[in-house]
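Novice: First to last, the sequence lines map onto chains Y and D.
Take -14 as the starting number for the first sequence in the working numbering and just add one per residue.
Take -14 as the starting number for the second sequence in the working numbering and just add one per residue.
There are 2 protein chains.
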Amino acid sequence: MSKCKYELTVDLGNRSYPIYIGEDIHADAEYYRRHVPGSQVMVVTNETVAPLYLEQTLSALKSFNVSTVVLPDGEVYKTLDELNKIFTALLESRFSRQCTLVALGGGVIGDMAGFAAACYQRGVSFIQVPTTLLSQVDSSVGGKTGVNHPLGKNMIGAFYQPLAVLADTETLTTLDNRQLAAGLAEVIKYGLIADTEFFDWLEREMDDLVARDQEKLATAIERSCRCKAAVVAADEKEAGQRALLNLGHTFGHAIETGMGYGEWLHGEAVAAGMCMAADLSLRLGWISELELERTRTLVARAGLPTDPPAEMSEESFLSLMSVDKKVLDGKLRLVLLQGIGKASVTDGFCMEKLSETLTEYGR
Amino acid sequence: MSKCKYELTVDLGNRSYPIYIGEDIHADAEYYRRHVPGSQVMVVTNETVAPLYLEQTLSALKSFNVSTVVLPDGEVYKTLDELNKIFTALLESRFSRQCTLVALGGGVIGDMAGFAAACYQRGVSFIQVPTTLLSQVDSSVGGKTGVNHPLGKNMIGAFYQPLAVLADTETLTTLDNRQLAAGLAEVIKYGLIADTEFFDWLEREMDDLVARDQEKLATAIERSCRCKAAVVAADEKEAGQRALLNLGHTFGHAIETGMGYGEWLHGEAVAAGMCMAADLSLRLGWISELELERTRTLVARAGLPTDPPAEMSEESFLSLMSVDKKVLDGKLRLVLLQGIGKASVTDGFCMEKLSETLTEYGR
């Protein structure tokens, strides 16, 4: 039996679901027996994850009628065309409305399998087995699914909840260092926006997290998911409060798009974006010099960039930020810090200060 | 001011919406002012409808920031690729989450614009202006949106409700006879599954409906929408009762797919499918010879086929019917008649009787 260290529930009324966190969970048949409603299961994974974890997963699923679809790995493949391969696989297997999709992989696989589950026959079941730290702390909670469009990231999608999430810390042992750091960016984000104590804990434990201490990683995942679950439960469709989760993301998306998807990892872009948001917050007098420094230091200790790439000019930032989803009817809104552990969404900043952050920051 | 003859509400809690039925409604700015929440409006239409009604619609929308996307006409274009053109148009116009899509056209346009609205930035507003009788009585109610996949019809989609439906009987004057008849197939269906009195009324008024009497068409639309709204309100996600609306559709989809999309109109295929369902119901002893004859006669008077195409063999029917969405975990379920005005969903029929209907019917 696998070691489930934590179980927490994302509370969304009749769409509530559990997140299991621990070692070897993804290979434990018990969790699938408990949560898969029908007999047909389609495992959606990618070329990187399949050689590492597919066999164990299939073995845990051997009492079901299982098919597999293996997609290419990477954000550049998060497209409608690749999504269509999942639909083709489902139809070729003649899977009905009672089938279940299992997303075995990182955020891209989770987003695509989740969106495919939302759309296949107008909605089938879906279980998430996130295999990266980023997807364990970010996409496990919130129900955001979707694909990219050449003109914008995550522009096509749905809010769709899984039946369960199996966050296996064992799968983090095969993550490369950049991917681990990218996940830590979102972990730091939760401390910054909503949990001062957690930020303090991260300052103490960051070296062990980077060294992949399994117990401490499980704790960081649990605390992050709990933080996100609280925000999402209060605001499932992103009308207000949930926007706080976008700290660093408006700058970050601009970096990702400007550099070309895949050049900078999402978490790396968010890390630099959070430092930029903190910089703008300082320029507005909302946080202290020390708070900016603590933010930058923790980001750096996680192995993450604190500055945007030199290629990104003020013009490219502004142009790319104005197609970001956080723009409300033409007005740019940003998540900024009011302290460590406190963030707010605002369009009440003068463009000059933003301009200073965009041009001077990091040079 | 336009003449709104009927207004009815589809009751879905906080997603309830009105259907307005009458002459010249689509060109009346008042309805858009009342229901469009933001300032950005994307009209989605096709090459056939645009020359007829786009100008009037744009004129009614002149107080908004309006863009237009014109798709090719026909079921063969109800694909992910064409859907992507809507996303491209929205992104090129830099439309935000607060935008509204207006579907100006028949069922294909309604399904695609509705699905695009469901997915663009994970959900934006949507108003339906159905311009065919079929879409006025069928897609106006129920929230089914989506596109086809080469391996199956309507396999990719979402349940997504509009903010309002403007069903303009004026637009029916430019429909060709086949399209009008295709709409009458669904009108007849409502009588058959749930409303004996309405079926009697249709037997009296069919000649006037075929002659496009505006008042009587409005009455038929209202009665059909009311019938569908009652069924949908009871069962929004198609768990049970709603399946009754699929009378004739399992046979019909097989005909459409077998003949190639677009060869037979959806309504024509459903008409023959309803007669086949009635035939099987007779063979099972559920309805009388007279009830089968009344069904066939009314279908024929509407200008619709009562028999499937000669090209469709028993084998092709069976093969195509088993990928239909109505198949529950491998078991074929059909909607059959227990009388005029009463239908039920069942898998309790012997395959021999089905086989008789598939091989002998119509020869």
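C-beta atoms are modelled at their ideal positions from N, C-alpha and C, and glycine is treated no differently.
So is M140 (chain D) buried or exposed if we call it buried at 16+ other beta carbons inside 10 Å?
Specialist: Residue mapping note: residue 140 (chain D) aligns to position 155 of the second sequence, counting from 1. Flag for M140 (chain D) reads buried.
Novice: Would you please state the rounded distance, in angstroms, between the beta carbons of D96 (chain Y) and T130 (chain Y)? I believe it to be under 8 Å.
Specialist: Translated into the one-based positions of the first sequence, residue 96 (chain Y) becomes position 111. Translated into the one-based positions of the first sequence, residue 130 (chain Y) becomes position 145. That pair is a contact at about 5 Å.
Novice: Which of the three DSSP states is assigned to M27 (chain Y) in this structure?
Specialist: As a first step, residue 27 (chain Y) is located in the first sequence; it is residue number 42 there, counting from the start. Three-state DSSP puts M27 (chain Y) in a strand.
Novice: Are the beta-carbon atoms belonging to K138 (chain D) and H234 (chain D) less than 7 Å from one another?
Specialist: Counted from its first residue, the second sequence places residue 138 (chain D) at position 153. Counted from its first residue, the second sequence places residue 234 (chain D) at position 249. Not in contact: K138 (chain D) and H234 (chain D) (Cβ atoms no closer than 7 Å).
Novice: Take E276 (chain D) and list the residues in its own chain whose beta-carbon comes closer than 6 Å to its own, dropping the five residues that flank it on each side.
Specialist: Your numbering for residue 276 (chain D) matches position 291 in the second sequence. If we look at E276 (chain D) and ignore the five residues flanking it on each side, its Cβ neighbours are I325.
Novice: List the endpoints of the continuous alpha helix (DSSP H) containing M336 (chain D).
Specialist: As a first step, residue 336 (chain D) is located in the second sequence; it is residue number 351 there, counting from the start. Its alpha helix (DSSP H) spans residues M336 to E345.
Novice: Which same chain residues, not among the five before or five after F80 (chain D), have their C-beta less than 7 Å away from its C-beta?
Specialist: The count along the second sequence starts at 1 and reaches residue 80 (chain D) at position 95. Same-chain partners within the cutoff: Q25 and M27.
Novice: Give the straight-line distance between the Cα atoms of A166 (chain Y) and P36 (chain D), rounded to the nearest whole angstrom.
Specialist: As a working mapping, residue 166 (chain Y) is identified with position 181 in the first sequence. As a working mapping, residue 36 (chain D) is identified with position 51 in the second sequence. Going from the Cα of A166 (chain Y) to the Cα of P36 (chain D) covers about 56 Å.
Novice: Starting from K(-12) (chain Y) and walking both ways along the beta strand (DSSP E), at which residues does that stretch end?
Specialist: Here residue -12 (chain Y) is taken as the residue at index 3 of the first sequence, counted from 1. Counting along the chain, the beta strand (DSSP E) containing K(-12) (chain Y) begins and ends at K(-12) to V(-5).
Novice: Name the chain Y residues whose beta carbon is nearer than 8 Å to that of H234 (chain D)?
Specialist: Stepping through the second sequence from its first residue, residue 234 (chain D) is reached at position 249. Near H234 (chain D) there are no residues of chain Y at all, since even the closest Cβ is about 14 Å away, more than 8 Å.
Novice: Kindly indicate which residue of Y:L232, Y:G245 and Y:E155 has the alpha-carbon position closest to the one of I206 (chain Y).
Specialist: Indexing the first sequence from 1 puts residue 206 (chain Y) at position 221. When only C-alpha atoms are compared, the closest one is Y:E155.
Novice: Give the range of the beta strand (DSSP E) segment to which A88 (chain D) is assigned.
Specialist: Working through the second sequence from its first residue, we reach residue 88 (chain D) at position 103. T85 to G90 is the extent of the beta strand (DSSP E) around A88 (chain D).
Novice: Looking at the structure shown, is P36 (chain Y) part of a helix, part of a strand, or coil, going by DSSP?
Specialist: Translated into the one-based positions of the first sequence, residue 36 (chain Y) becomes position 51. In the structure shown, P36 (chain Y) sits in a helix (DSSP, three-state: H, G or I).
Novice: To the nearest angstrom, how far is the alpha carbon of E67 (chain D) from that of L76 (chain Y)?
Specialist: Here residue 67 (chain D) corresponds to residue number 82 of the second sequence, with the count starting at 1. Here residue 76 (chain Y) corresponds to residue number 91 of the first sequence, with the count starting at 1. About 20 Å.
Novice: Got a sec: is the Cβ-Cβ distance from I141 (chain Y) to anything in chain D below 7 Å?
Specialist: Residue 141 (chain Y) sits at position 156 when you count from the first residue of the first sequence. Closer than 7 Å: yes.
Novice: Can you confirm whether G137 (chain D), when its beta carbon is compared against all beta carbons of chain Y, has any partner nearer than 7 Å?
Specialist: Within the second sequence, the letter at position 152 stands for residue 137 (chain D). Answer yes: the Cβ-Cβ gap between G137 (chain D) and chain Y drops below 7 Å somewhere.
Novice: From the DSSP output, read off the bridge partner residues of T130 (chain D).
Specialist: Along the second sequence, one-based indexing puts residue 130 (chain D) at 145. D:A143, per the DSSP bridge assignment.
Novice: At a Cβ threshold of 7 Å, is R107 (chain Y) touching chain D?
Specialist: What you label residue 107 (chain Y) is simply residue 122 of the first sequence in a count that begins at 1. Closer than 7 Å to some Cβ of chain D, the Cβ of R107 (chain Y) qualifies, so yes.
Novice: In terms of alpha-carbon separation, which member of Y:T116, Y:S120 and Y:E182 lies closest to A170 (chain Y)?
Specialist: Locating residue 170 (chain Y) in the first sequence gives position 185, where the first residue counts as 1. Ranking Y:T116, Y:S120 and Y:E182 by Cα distance to A170 (chain Y) puts Y:S120 first.
Novice: Relative to the C-alpha of P3 (chain Y), which candidate in Y:V(-5), Y:I10 and Y:V132 has its C-alpha closest?
Specialist: Along the first sequence, one-based indexing puts residue 3 (chain Y) at 18. Answer by Cα proximity: Y:V(-5).
Novice: Which of helix, strand or coil does DSSP assign to I10 (chain Y)?
Specialist: Locating residue 10 (chain Y) in the first sequence gives position 25, where the first residue counts as 1. Looking at I10 (chain Y) - three-state DSSP - the assignment turns out to be helix.
Novice: With S125 (chain Y) and V150 (chain Y) assumed to form a contact (beta carbons below 8 Å), what rounded beta-carbon distance in angstroms separates them?
Specialist: Stepping through the first sequence from its first residue, residue 125 (chain Y) is reached at position 140. Stepping through the first sequence from its first residue, residue 150 (chain Y) is reached at position 165. So it is a contact: roughly 4 Å between Cβ atoms.
Novice: Could you name each continuous beta strand (DSSP E) segment of 3 residues or more that falls completely within the region 140 to 197 of chain Y, going from the start of the chain to the end?
Specialist: Listed in chain order, the complete beta strand (DSSP E) runs (minimum 3 residues) inside the region 140 to 197 of chain Y are 149 to 153.
Novice: If you compare alpha carbons, which of D:G252, D:L202 and D:N231 is closest to L241 (chain D)?
Specialist: In the second sequence, the residue the question calls residue 241 (chain D) occupies position 256. This sequence places Glu at residue 241 (chain D); Leu is not what is there. When each option's Cα is compared against that of E241 (chain D), the closest is D:G252.
Novice: In terms of residue numbering, what span does the beta strand (DSSP E) encompassing N50 (chain D) cover?
Specialist: Here residue 50 (chain D) refers to the residue found at position 65 when the second sequence is read from its first residue. Note, N50 (chain D): beta strand (DSSP E), N50 to L56.
Novice: What is the rounded straight-line gap between the Cα of E40 (chain D) and the Cα of R189 (chain D)?
Specialist: As a working mapping, residue 40 (chain D) is identified with position 55 in the second sequence. As a working mapping, residue 189 (chain D) is identified with position 204 in the second sequence. Each residue's Cα considered, the two are about 37 Å apart.
Novice: Distance, Cα to Cα, A360 (chain D) vs N(-1) (chain D)?
Specialist: Any question about residue 360 (chain D) goes unanswered here, given that chain D covers just -14 to 348.
Novice: So for S298 (chain Y), helix, strand or coil by DSSP?
Specialist: Position 313 of the first sequence holds residue 298 (chain Y). Correct three-state label for S298 (chain Y): coil.
Novice: Using the C-alpha atoms, what's the distance from R281 (chain Y) back to P135 (chain D)?
Specialist: Within the second sequence, residue 135 (chain D) is the residue found at index 150, counting from 1. Within the first sequence, residue 281 (chain Y) is the residue found at index 296, counting from 1. Rounded to the nearest angstrom, the two C-alpha atoms are 51 Å apart.
Novice: Determine whether the Cβ of H134 (chain Y) lies closer than 7 Å to any Cβ atom of chain D.
Specialist: Here residue 134 (chain Y) refers to the residue found at position 149 when the first sequence is read from its first residue. Judged by the 7 Å Cβ criterion, H134 (chain Y) is in contact with chain D.
Novice: Cα separation between R348 (chain D) and F49 (chain D)?
Specialist: On the second sequence, position 363 is the one that residue 348 (chain D) refers to. On the second sequence, position 64 is the one that residue 49 (chain D) refers to. Because R348 (chain D) carries a pLDDT of 47, less than 50, the predicted location of this residue cannot be relied on, and no value is offered for it.
Novice: Expressed to the nearest angstrom, what Euclidean distance is found between the alpha-carbon atoms of Y175 (chain Y) and Q199 (chain Y)?
Specialist: Here residue 175 (chain Y) is taken as the residue at index 190 of the first sequence, counted from 1. Here residue 199 (chain Y) is taken as the residue at index 214 of the first sequence, counted from 1. C-alpha separation (whole angstroms): 20 Å.
Novice: Would you mind telling me which residues of chain D sit closer than 8 Å to E77 (chain Y), beta carbon to beta carbon, in chain order?
Specialist: Numbered from its first residue, the first sequence carries residue 77 (chain Y) at position 92. What E77 (chain Y) touches in chain D: L136.
Novice: Give me whichever residues DSSP pairs with Y16 (chain D) in a beta bridge.
Specialist: Here residue 16 (chain D) refers to the residue found at position 31 of the second sequence. For Y16 (chain D), which the question treats as bridged, DSSP gives no partner whatsoever.
Novice: Would the region 286 to 301 of chain Y and the region 254 to 269 of chain Y be scored as touching if the rule is three or more Cβ pairs under 8 Å?
Specialist: The region 286 to 301 of chain Y, when compared against the region 254 to 269 of chain Y, does touch it at the 8 Å Cβ threshold.
Novice: I'd like to know if L65 (chain D) contacts chain Y, where contact means its C-beta is closer than 7 Å to some C-beta of that chain.
Specialist: One-based indexing of the second sequence puts residue 65 (chain D) at position 80. At least one chain Y Cβ lies under 7 Å of L65 (chain D).
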